[in-house]
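Asker:
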Amino acid sequence: MKEPCLENLFQDRHADLLLRSFAQATGRVLLDGANAETLYNAPFAVLSHNTAADPVLTYGNLAAQSLWEMGWEQLTAMPSRLTAEPAHRGQRDAMFAEMRAKGFISNYTGVRISALGRRFEIRNAVIWPLLGADGGKLGEAATFRDFAFL
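Residues in the sequence shown are numbered consecutively from 75, following my numbering.
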């Protein structure tokens, strides 16, 4: 998938999947009046990954790209497990297991690391499944507004 821009309507199909799946899982709106462009430019991080055995990131809005200190091409080529240091990946795996059991979670806190080695803690993250129109799982997504550099 190419970086969201006007030419590709800011990846409107994937943005719609993120927005629709969030509302379906949580019963809430991710961003009032959101469309693909406003989601990509939102002042908080939104990421998703696919359903591969070792899931790869499929989306990261500009806030996520800034926080992880990498551009679209690098971010969306990265296995999502690499967003966390090895010592924190077990906690990350447990979070996804909890989300899968509950349908979504809205209080996840965990340590992450940027491409340049800056560590930060994400707080009160919402993690939810991305579901197609037929109910089939297409990936998983996360969003958070609160973080602190460590």
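A virtual CB, placed ideally from N, CA and C, is assigned to each residue, including glycine.
This one's a predicted model, so the numbers in the text were calculated from it and none came from an experiment.
#1: Taking the straight line between their C-alpha atoms, what separation do you get for Arg163 and Arg155?
#2: Out of Ala168, Pro153, Leu105, state which residue places its alpha-carbon closest to the alpha-carbon of Val130.
#3: Quick check on the burial criterion: 16 or more other C-beta atoms within 10 angstroms. Buried or exposed for Pro117?
#4: Could you compute how far the alpha carbon of Ala215 sits from the alpha carbon of Thr100?
#5: So if DSSP puts Pro153 in a beta bridge, which residue, or which two residues, is it bridged to?
#6: Here's the rule: buried if 16 or more other CB atoms are within 10 angstroms of the residue's CB, otherwise exposed. What is Met173?
#7: Examine the Cβ distances between the stretch 120-137 and the stretch 204-222 and report whether three or more of them are shorter than 8 Å.
#8: Hey, out of Trp146, Gly145, Ala175, Gly184, whose CA is closest to Ala161's CA?
#9: Do you know offhand how far Cys79's Cα is from Asp128's?
#10: Grab the span of the alpha helix (DSSP H) containing Lys176 for me, first residue to last.
#11: To the nearest whole angstrom, what separates the beta carbons of Glu147 and Ile187, a pair I think is in contact under 8 Å?
#12: For the beta strand (DSSP E) containing Leu105, list its first residue and its last residue.
#13: Please report the distance separating the alpha-carbon of Asp90 from that of Phe223.
#14: For Asp86 and Asn109, what's the separation of their Cα atoms in angstroms?
#15: What three-state label does DSSP hand Thr125 in the structure shown?
Answerer: Once the coordinates are examined:
#1: Cα to Cα, the separation comes out at about 7 Å.
#2: Taking each of Ala168, Pro153, Leu105 in turn and checking the Cα distance to Val130, the smallest one comes out for Pro153.
#3: With fewer than 16 other beta carbons inside 10 angstroms of its own, Pro117 counts as exposed.
#4: Each residue's Cα considered, the two are about 12 Å apart.
#5: According to DSSP, Pro153 bridges with Val130.
#6: With 16 or more Cβ atoms within 10 Å of its Cβ, Met173 is classed as buried.
#7: At 8 Å Cβ cutoff, the stretches touch.
#8: Of the candidates Trp146, Gly145, Ala175, Gly184, the one whose C-alpha sits nearest the C-alpha of Ala161 is Gly184.
#9: Approximately 27 Å between the Cα atoms of the pair.
#10: Boundaries of the alpha helix (DSSP H) around Lys176: 163-176.
#11: Contact doesn't hold; Cβ gap of about 19 Å is too wide.
#12: Element bounds for Leu105: n/a, residue is neither H nor E.
#13: Taking C-alpha positions only, Asp90 is separated from Phe223 by approximately 31 Å.
#14: Taking C-alpha positions only, Asp86 is separated from Asn109 by approximately 7 Å.
#15: Three-state DSSP puts Thr125 in coil, outside helix and strand.
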